[in-house]
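In the working numbering, the protein residues as written are 1018 to 1268.
Have a look at this one:
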């Protein structure tokens, strides 16, 4: 009958739930591969202004390495029970599992309201934030393994390095990297006061790692730079998918 034909045609044309999931996973996987290539090749497209900024950041990291011991001593000598509690709170917020959970929750909330403009925007922004976190986890982890800098609480000084020996090392700070990556993505997507709030939060998370004697100040600056640059790059990439510019740190 006509009704049976129509029903049969609809069931044949409409993708099933499983097919939709597979299609979505495939779509996201392709974008992840494309973004990986984009990030790996981005230094080849860096513009002059961004090159100068990167040079300045590198010089700043080197300068902080020269005073890491002084900064460490200043933080440790001024610790109180209250400051320890505050630092522990921000440290917990910056753990990988916490940030991952927050990104997943925001993606879920956006998906529930995806038919509304703000819900769809939240879902897409949180997806880019999650992707940025995944990239910085890898970059920071590989750098820790390659550099092998001892943590401050190991008591080996500021210049103790054992490259290619374990990943639980000091340089750079993963807390700073992931928090600034997420902050950069949300700051690009939303107007004030969101940028102020997310960057303030990222800074406090980063400083908490110096306060708890888990990182030197140069570790934190390096991590923040890695996270900021990757977050900004992926944010630009998803806002301008059809443009392949000279890589720029600043809009």
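No residue lacks a Cβ here, since even glycine has one placed at the ideal position from N, Cα and C.
On the DSSP bridge assignment, give the partners of residue i in chain order.
i	result
residue 1166	1178
residue 1103	Bridge partners of residue 1103: none, in fact.
Looking at residue i: is its Cβ nearer than 8 Å to the Cβ of residue j?
i	j	result
residue 1192	residue 1136	no
residue 1096	residue 1228	yes
residue 1189	residue 1219	no
residue 1092	residue 1175	no
residue 1206	residue 1138	yes
Since I believe residue j is in contact with residue i (beta carbons under 8 Å), could you give me their beta-carbon distance rounded to a whole number of angstroms?
i	j	result
residue 1165	residue 1181	6 Å
residue 1195	residue 1153	5 Å
residue 1254	residue 1052	6 Å
residue 1168	residue 1231	6 Å
residue 1197	residue 1143	Not a contact, Cβ separation roughly 16 Å.
residue 1251	residue 1145	6 Å
In chain order, what residues of the same chain have a beta carbon less than 6 Å from the beta carbon of residue i, not counting five sequence neighbours either side?
i	result
residue 1082	1235
residue 1140	1124, 1127, 1128, 1131
residue 1225	1104, 1107, 1108
residue 1215	1200, 1203, 1204
State the Cα-Cα distance for the pair residue i and residue j, rounded to the nearest angstrom.
i	j	result
residue 1108	residue 1059	31 Å
residue 1075	residue 1085	15 Å
residue 1045	residue 1055	15 Å
residue 1117	residue 1201	16 Å
residue 1120	residue 1149	11 Å
residue 1048	residue 1199	18 Å
residue 1077	residue 1239	9 Å
residue 1178	residue 1062	32 Å
residue 1221	residue 1244	15 Å
residue 1208	residue 1065	28 Å
residue 1122	residue 1099	30 Å
residue 1159	residue 1184	7 Å
Can you name, in chain order, every residue of its own chain whose Cβ lies under 7 Å from the Cβ of residue i, other than the five neighbours on each side?
i	result
residue 1266	Low per-residue confidence applies at residue 1266: pLDDT is 48, beneath 50, and the placement is therefore not dependable, though the value from the model is reported in the following sentence. Within the same chain, residue 1266 has close Cβ partners 1067, 1070, 1246, 1249.
residue 1173	1167
Near residue i, which residues of its chain fall below 8 Å by C-beta distance, leaving aside the five closest residues on each side in sequence?
i	result
residue 1211	1203, 1204
Under a CB-based cut-off of 8 Å, is residue i close to chain D?
i	result
residue 1185	The structure shown contains no chain D; it holds only a single protein chain.
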